[in-house]
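What follows is one structure encoded as structure tokens, with my remarks underneath.
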Amino acid sequence: MDSVVVKNTAGTRSPETRAVDPVWTRIREAAQQAAASEPVLAGTLHATILSQPRFEGALSYHLARLVGTTEVPAALIRQIFDEALNDDPAIGYAARADIVAVADRDPACTSYLDPLLWFKGYHALQTYRAAHWLWVRGRGDLAHYLQSRASALFGLDIHPGAVIGKSIFIDHGTGVVIGETAVVEDGVSMLHGVTLGGTGKERGDRHPKVRRGVLLGAGAKVLGNIEIGACAKIAAGSVVLEAVPAGCTAAGVPARIIGCVDVPEPALEMDQRI
Numbered sequence: 001m002d003s004v005v006v007k008n009t010a011g012t013r014s015p016e017t018r019a020v021d022p023v024w025t026r027i028r029e030a031a032q033q034a035a036a037s038e039p040v041l042a043g044t045l046h047a048t049i050l051s052q053p054r055f056e057g058a059l060s061y062h063l064a065r066l067v068g069t070t071e072v073p074a075a076l077i078r079q080i081f082d083e084a085l086n087d088d089p090a091i092g093y094a095a096r097a098d099i100v101a102v103a104d105r106d107p108a109c110t111s112y113l114d115p116l117l118w119f120k121g122y123h124a125l126q127t128y129r130a131a132h133w134l135w136v137r138g139r140g141d142l143a144h145y146l147q148s149r150a151s152a153l154f155g156l157d158i159h160p161g162a163v164i165g166k167s168i169f170i171d172h173g174t175g176v177v178i179g180e181t182a183v184v185e186d187g188v189s190m191l192h193g194v195t196l197g198g199t200g201k202e203r204g205d206r207h208p209k210v211r212r213g214v215l216l217g218a219g220a221k222v223l224g225n226i227e228i229g230a231c232a233k234i235a236a237g238s239v240v241l242e243a244v245p246a247g248c249t250a251a252g253v254p255a256r257i258i259g260c261v262d263v264p265e266p267a268l269e270m271d272q273r274i
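Residues 1 to 274 (our numbering) make up the sequence shown, in order.
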């Protein structure tokens with residue numbers, strides 16, 4: 001995903017360098033194969049992928065087409081996504097890293113094209129990224145609009161004020177809730193039904209802080225301003241009300257520490273067994 005410098009035949013840097021984008025290349029290759037094998041999809045694949053010069057353009061086009069409404073048409077929504085992606089290149093880098101995370105961790109993912117076109121956990125996460133960009137610039141109403149549309153369309157509710165890193169995998173996604181002051185660091189994986197919420201009506205900093213490499217099992221509820229340490233594992237169906245140290249496994253209702261993880265990064269292994 002890193003940019004590289006292209007050299008000319010003399011071995012010096014070319015006056016015009018171009019970025020190599022392997023994620024985008026693999027997406028286009030998969031789109032070409034899909035269009036050839038499924039002619040019914042050729043039109044949408046061309047509009048969404050093959051006619052777009054850059055990954056960012058494909059992402060903004062597709063999300064805007066999904067999120068737009070009669071009152072707020074896709075063309076206006078795309079302007080918002082384009083503005084965010086152009087203003088903050090880190091959004092595009094994170095969106096690429098999220099695709100790689102899905103492809104690496106989800107056995108149902110057959111190509112880099114799948115998350116971009118079909119996976120609602122990915123769609124909700126990228127819509128959040130644009131909403132967060134709006135939120136930190138004081139455009140709360142429009143940020144809430146994107147949050148509401150993503151919730152209605154994809155079944156995930158991610159507050160635009162949350163801080164979420166890159167290389168995030170949200171599997172299936174249905175029922176995921178992430179609160180306003182939650183923090184999710186790089187490399188985290190979570191399954192459907194995960195809640196990163198508060199414990200009641202408290203205000204201020206009230207949501208969990210999930211450190212890098214954590215695996216949050218299906219239906220896990222992590223409540224309150226508590227820390228889930230790096231590379232911890234939260235078992236499916238657990239209700240976590242107290243901090244979990246790095247590298248530990250927590251399970252139960254309420255959750256208790258039951259041991260240490262047996263792999264360096266549970267989020268990469270995606271093994272919910274305890």
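Positions of the beta carbon are idealized from the N, C-alpha and C atoms, including for glycine. Predicted, not measured: the structure shown is a model, and the values here were computed from it.
Limits of the unbroken beta strand (DSSP E) element including residue i
| i | result |
| --- | --- |
| Arg256 | Ala255 to Cys260 |
| Val222 | Lys221 to Leu223 |
| Gly252 | Cys248 to Gly252 |
Residue nearest to residue i in terms of C-alpha spacing, selected from the options
| i | options | result |
| --- | --- | --- |
| Glu242 | Ile234, Asp186 and Glu227 | Glu227 |
| Trp24 | Asn86, Gly219, Thr44 and Gly57 | Gly57 |
| Lys120 | Gly155, Arg203, Arg54 and Leu215 | Gly155 |
| Glu29 | Pro39, Leu45 and Val40 | Leu45 |
| Ile168 | Trp135, Val40 and Leu125 | Leu125 |
| Val255 | Pro266, Met270, Ala236 and Leu268 | One detail in the question is off: residue 255 reads as Ala in this sequence, not Val. Among Pro266, Met270, Ala236 and Leu268, the Cα nearest to that of Ala255 is on Ala236. |
| Val214 | Ser51, Ile234, Asp98 and Arg273 | Ile234 |
| Arg137 | Tyr122, Ser151, Ala84 and Ser238 | Ala84 |
| Ile99 | Ser37, Asp114, Ala232 and Val263 | Asp114 |
| Lys201 | Ala218, Leu223 and Met190 | Leu223 |
| Gly197 | Val240, Ala230, Ala218 and Ala232 | Val240 |
| Leu153 | Trp118, Asp141, Ala182 and Arg139 | Trp118 |
Assigned secondary structure, residue i (DSSP; H/G/I helix, E/B strand, else coil)
| i | result |
| --- | --- |
| Ala232 | coil |
| Glu83 | helix |
| Leu241 | coil |
| Ser148 | helix |
| Thr188 | Residue identity check: residue 188 is Val in the sequence provided, not Thr. Note: Val188 maps to coil in three-state DSSP. |
| Leu156 | coil |
| Glu227 | strand |
| Ile49 | helix |
| Val102 | helix |
| Ile178 | strand |
| Val275 | For residue 275 there is no data in the structure shown, the boundaries of the chain being 1 and 274. |
| Thr44 | helix |
| Lys7 | Confidence at Lys7 is low in this model, with a pLDDT of 36, below 50, so the placement of that residue is unreliable and no value is reported for it. |
| Val263 | coil |
Any non-hydrogen atom of the ligand FAD within 8 Å of residue i CB
| i | result |
| --- | --- |
| Leu41 | With respect to the ligand FAD, the structure shown offers nothing to examine, as it has no ligands at all. |
Residue span of the alpha helix (DSSP H) that contains residue i, given as start and end
| i | result |
| --- | --- |
| Lys201 | That residue, Lys201, is in no alpha helix (DSSP H); it is neither H nor E in DSSP. |
| Arg28 | Pro22 to Ser37 |
| Ala166 | Looking at the sequence itself, residue 166 is Lys, so the reference to Ala does not match. Premise fails: Lys166 is in no alpha helix (DSSP H) and is neither H nor E. |
| Glu269 | Pro266 to Glu269 |
| Ser60 | Phe55 to Val67 |
| Thr127 | Lys120 to Val136 |
Same chain only: Cβ atoms within 7 Å of residue i, ignoring 5 sequence neighbours per side
| i | result |
| --- | --- |
| Tyr78 | Position check: residue 78 holds Arg in this sequence, whereas Tyr was assumed. For Arg78, where only same-chain residues beyond five positions count, the Cβ hits under 7 Å are Ser60, Tyr61 and Ala64. |
| Glu180 | His159, Gly161, Ala162 and His207 |
| Glu16 | Low local confidence applies: a pLDDT of 38 at Glu16 is under 50, so the model's placement there is unreliable, and no value is given. |
| Asp88 | Trp133 |
| Ala94 | Arg129 and Lys166 |
| Asp21 | Phe55 |
| His42 | Note that residue 42 is Ala in the sequence shown, not His. These residues qualify, in order along the chain: Ala35. |
| Gly252 | Ser238 |
| Ala31 | Leu45, Ile49, Leu50 and Leu113 |
Close beta carbons around residue i, own chain, < 6 Å, minus the five adjacent residues each side
| i | result |
| --- | --- |
| Val194 | Val176, Leu216 and Ala220 |
| Ala103 | Cys109 and Tyr112 |
| Val210 | Val184, Val188 and Ile228 |
| Thr174 | Gly155 and His192 |
| Ala131 | Ala143, Leu146, Gln147 and Pro160 |
| Arg149 | Val67 |
| Asn225 | Asp205 and Arg206 |
Cut-off 8 Å between Cβ atoms - residues of its own chain near residue i, not counting five sequence neighbours on either side
| i | result |
| --- | --- |
| Ala47 | Tyr61 |
| Leu268 | Asp104, Arg105, Gly187, Ser189 and Gly213 |
| Leu72 | The displayed chain sequence assigns Val, not Leu, to residue 72. Same-chain partners within the cutoff: Tyr145. |
| Ala246 | Arg211, Gly229, Ala230, Cys231 and Ala232 |
| Ala52 | Note that residue 52 is Gln in the sequence shown here, rather than Ala. Contacts found: Ala58 and Tyr61. |
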